[in-house]
Structures are given as structure tokens and as C-alpha cells.
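Asker:
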Amino acid sequence: MHPRISRFIFAGVGLALGAQAQAATVTGNINATLTLTSSCQVNGGSGASGLNFGTLNFGTHDAMFTSASGQVLGNGGGAMSILCSAGTVPAIKVGAGANDNQSDGGTRALSDGSGNYVPYDFYTDSGHTQVLVIDGVITLPTSTGVAQAVNLYGQAQGKVGLPAGVYTDTVAVELSF
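Residue numbering for the sequence shown follows my numbering, starting at 129 and increasing by one per position.
Take a look at the structure:
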């Protein structure tokens with residue numbers, strides 16, 4: 129190899145090594161955060177208002193029925209479902225209905241919109257022995273992050289002189305956790 133070329137190669141290598149010797153390193157951290165707030169879902173839906181807590185359908189009966197029973201069912205046809213963040217204690221308050229105390233025989237009433245009422249009550253047991261009063265609260269066990277089924281039942285009482293028709297009520301429900 130020619131001596132001049134060798135000198136240039138050695139000079140180039142020397143410059144490269146000198147440049148590496150001057151490089152510096154800086155170290156540090158990245159701080160990452162995530163804040164989670166407690167939340168719940170009712171029958172698979174979430175939000176702050178307007179949730180569907182279920183439907184209580186007493187079925188179809190003749191106008192001279194004596195009593196009719198039903199269960200509050202969620203979207204999928206099963207019991208109401210409450211899914212909350214682990215560690216929370218969900219409580220369901222079943223508030224006032226649109227026709228409360230309009231008819232003897234129950235604290236609540238279904239209305240046909242023409243001044244006729246069918247009395248009914250909510251119960252926390254299928255045997256209809258534990259009445260859930262207006263603004264009554266159902267407190268669930270501390271959530272583990274798994275959906276909890278809430279069984280809520282209703283029983284309507286027949287009355288003499290009821291005309292045929294569709295009778296309805298809307299009841300306010302509140303979930304706290």
C-alpha cells in the first residue's frame with residue numbers, strides 16, 4: 129500500500145475515534161400515570177343518566193284477575209345486572225313511580241291513562257314477603273369486578289271494575305357506588 133494512502137486511512141480512523149471519545153450520554157426517566165375512577169354498568173350500559181334498569185312485565189290477564197306476578201328483567205331477559213369497579217359497594221334505590229299511592233292494595237300503581245289504576249308492589253324475594261318501599265335501597269356486596277345479578281320482583285293486585293286496557297308505570301331508579 130502506498131504510504132500516503134496509509135496515512136490518510138490512519139488519519140481518518142483517528143478522527144473517527146476522536147469523535148467517539150467526545151460523545152456524551154444523558155439518562156433520565158419517563159413518568160407515566162393513569163387515573164381510574166369508580167364506575168358501574170347497568171345491564172351492560174353505562175352513563176350518568178337514562179340507563180335502562182330493566183322491565184317489569186306482569187303479562188296479559190283478563191280484567192277480573194286476582195293477582196299477577198313478574199320479575200324485573202334486564203336487556204338479555206335475565207335478572208338485572210350490575211357491574212361495578214372492584215372495591216365499590218353498589219346500592220340501588222328504587223324511587224317514586226308516576227302513580228304512587230293512587231290505588232288501595234299497593235304502594236305503587238299502574239295507570240291506563242284514563243283514571244283507572246292497578247295497585248302493585250316491588251319485592252326483594254320471589255315469595256313476595258319482603259316489600260321494597262318507595263325509596264327502598266338494595267345494597268349489594270362489595271364488588272369484585274364481576275357482574276352481580278339483582279333479583280327484584282313485582283306483584284299486582286286485581287280490583288273489581290277495572291276496564292280492559294294497557295296499564296303502565298315508570299319508576300325512578302338510582303345507583304350509587
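Every residue, glycine too, gets a C-beta built ideally from N, C-alpha and C.
DSSP three-state label for residue 150, please.
Answerer: Counting from one through the sequence shown, the residue named residue 150 turns up at place 22. Helix at residue 150.
Asker: Classify residue 237 as buried or exposed, calling it buried when 16 or more other Cβ atoms lie within 10 Å of its own Cβ.
Answerer: Here residue 237 refers to the residue found at position 109 when the sequence shown is read from its first residue. So residue 237 ends up on the buried side.
Asker: Out of curiosity, what's the CA-to-CA distance linking residue 305 and residue 169?
Answerer: Start at 1 with the first residue of the sequence shown, and residue 305 comes out as number 177. Start at 1 with the first residue of the sequence shown, and residue 169 comes out as number 41. Cα to Cα, the separation comes out at about 11 angstroms.
Asker: Report, in whole angstroms, the separation of the C-beta atoms of residue 277 and residue 207, which I expect to be a contact under 8 angstroms.
Answerer: Within the sequence shown, numbered from 1, the residue matching residue 277 stands at position 149. Within the sequence shown, numbered from 1, the residue matching residue 207 stands at position 79. The Cβ separation is near 4 angstroms, so the contact holds.
Asker: At the level of alpha carbons, what is the spacing between residue 266 and residue 224?
Answerer: Within the sequence shown, the letter at position 138 stands for residue 266. Within the sequence shown, the letter at position 96 stands for residue 224. Approximately 15 angstroms, taken between the alpha carbons.
Asker: Cutting at 8 angstroms between CB atoms, please list the residues of its own chain near residue 136, excluding the five before and the five after it.
Answerer: Stepping through the sequence shown from its first residue, residue 136 is reached at position 8. Here the model assigns residue 136 a pLDDT of 48, short of 50, so the residue's position is not dependable and the matter cannot be decided.
Asker: Alpha carbon to alpha carbon, how far is residue 172 from residue 155?
Answerer: For this step, residue 172 is matched to residue 44 along the sequence shown. For this step, residue 155 is matched to residue 27 along the sequence shown. Going by the C-alpha atoms only, they are around 46 angstroms apart.
Asker: Label residue 232 either buried or exposed according to how many other C-beta atoms from any shown protein chain fall within 10 Å of its C-beta, with 16 as the threshold for buried.
Answerer: The residue labelled residue 232 in the question sits at position 104 within the sequence shown. Result: exposed.
Asker: When the distance is taken between beta carbons, is residue 262 closer than 8 angstroms to residue 298?
Answerer: Here residue 298 corresponds to residue number 170 of the sequence shown, with the count starting at 1. Here residue 262 corresponds to residue number 134 of the sequence shown, with the count starting at 1. Against a cut-off of 8 angstroms, the Cβ pair of residue 262 and residue 298 comes out as no contact.
Asker: Between residue 204 and residue 184, is the Cβ-Cβ spacing less than 8 angstroms?
Answerer: Stepping through the sequence shown from its first residue, residue 204 is reached at position 76. Stepping through the sequence shown from its first residue, residue 184 is reached at position 56. Cβ atoms of residue 204 and residue 184: not closer than 8 angstroms.
Asker: Figure out for me which residue from 264, 228, 260, 272 has the closest Cα to the Cα of residue 296.
Answerer: Within the sequence shown, residue 296 is the residue found at index 168, counting from 1. When each option's Cα is compared against that of residue 296, the closest is 228.
Asker: Grouping DSSP H, G and I as helix and E and B as strand, with all else coil, what is residue 262?
Answerer: What you label residue 262 is simply residue 134 of the sequence shown in a count that begins at 1. Note: residue 262 maps to coil in three-state DSSP.
Asker: Given that a residue counts as buried once 16 or more other Cβ atoms are within 10 Å of its Cβ, and exposed if not, what is residue 145?
Answerer: Taking the sequence shown and counting its residues from 1, the one referred to as residue 145 is at position 17. The predicted position of residue 145 is uncertain, since its pLDDT is 48 and thus under 50; a value taken from the coordinates is nonetheless stated next. Exposed is the call here.
Asker: Have a look at residue 240 and residue 273 and give me their C-alpha separation to the nearest angstrom.
Answerer: Residue numbering aside, residue 240 sits at position 112 when the sequence shown is read from its first letter. Residue numbering aside, residue 273 sits at position 145 when the sequence shown is read from its first letter. Going by the C-alpha atoms only, they are around 41 angstroms apart.
Asker: Within 10 Å of its beta-carbon, does residue 143 have 16 or more other beta-carbons around it, so buried, or fewer, so exposed?
Answerer: As a position in the sequence shown, residue 143 is number 15, starting the count at 1. The predicted position of residue 143 is uncertain, since its pLDDT is 47 and thus under 50; a value taken from the coordinates is nonetheless stated next. By the neighbour-count rule (16 or more Cβ atoms within 10 Å), residue 143 is not buried but exposed.
Asker: For residue 247, name the three-state secondary structure that DSSP assigns.
Answerer: As a working note, residue 247 is residue 119 in the sequence shown. Correct three-state label for residue 247: strand.
Asker: Taking DSSP as the reference, what is the three-state secondary structure of residue 281?
Answerer: Position 153 of the sequence shown holds residue 281. Of the three classes helix, strand and coil, the one that applies to residue 281 here is strand, per DSSP.
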